[in-house]
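In full-length UniProt numbering, the protein residues as written are 1 to 179. C-beta: ideal position from N, C-alpha, C; glycine also. Report on the structure given below.
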């Protein structure tokens, strides 16, 4: 059976990939079970299902398990949501350089080019070195979802997101101190 990846290509379905993602999302978090998330997901896999749809189901599964007796699923759901966000913004799971992000954002009309022109490439590189994307792991699901819904730059027509929390924080700081 084939699945459709975000880029439109097809590949063989692998339950092992699902296991790896869910195990990664639960690693180091007490009081959660990756098998409970997988069972709760009740995945109904069909030929050509989009991998993004599978990921959405896993996020919902972890979110549905959040309770007063199992509150730490909020961090698992947040990790899964953040993984989805990063794939959308970065095009994968590895961060792009902040300078490249700003260049791409201005070239695509997302950010005003006059904002970036106030900073030298060297300054942007230095600021980019302060960005630690692992800080996003402290978000709860509700906190990250709220940031996505209300704070991150996105195309309101298509819903396409254009920044991650750490890029947003640094961009805001740069705007505040650009004089």
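Exercise for the section: Taking all protein chains shown into account, decide if residue 48 is buried (16 or more other Cβ within 10 angstroms of its Cβ) or exposed. Expected result: Start at 1 with the first residue of the chain shown, and residue 48 comes out as number 48. Burial call: exposed.
Exercise for the section: Using DSSP bridges, identify the partner residues of residue 2. Expected result: Indexing the chain shown from 1 puts residue 2 at position 2. In the DSSP output, where bridge partners are listed per residue, residue 2 has 12.
Practice task
Going by DSSP, name the residue or residues bridged to residue 49.
Solution key: Position 49 of the chain shown, counted from the first residue, corresponds to residue 49. According to DSSP, residue 49 bridges with 3.
Practice task
Say whether the stretch 39-46 touches the stretch 54-63, bearing in mind that this needs 3 or more beta-carbon pairs closer than 8 Å, one atom from each stretch.
Solution key: yes
Handout entry: Residue range of the unbroken alpha helix (DSSP H) whose run includes residue 103
Key = Here residue 103 corresponds to residue number 103 of the chain shown, with the count starting at 1. Element bounds for residue 103: 98-107.
Handout entry: Reference residue 144; option with closest CA among 22, 164, 23, 104
Key = Numbered from 1 along the chain shown, position 144 holds the residue referred to as residue 144. Residue 164 is the option with its Cα nearest to residue 144.
Handout entry: residue 138 to residue 13 span [Cα, whole Å]
Key = Within the chain shown, numbered from 1, the residue matching residue 138 stands at position 138. Within the chain shown, numbered from 1, the residue matching residue 13 stands at position 13. When rounded, the distance between both Cα atoms is 31 Å.
Exercise for the section: Return helix, strand or coil for residue 127, following the three-state DSSP convention. Expected result: Here residue 127 refers to the residue found at position 127 when the chain shown is read from its first residue. Residue 127 falls in the helix class under three-state DSSP.
Problem - Residues of its chain near residue 185, where Cβ-Cβ distance is below 7 Å and the 5 sequence neighbours each way are ignored - result: As shown, the chain starts at 1 and ends at 179. That puts residue 185 outside it, with no answer to give.
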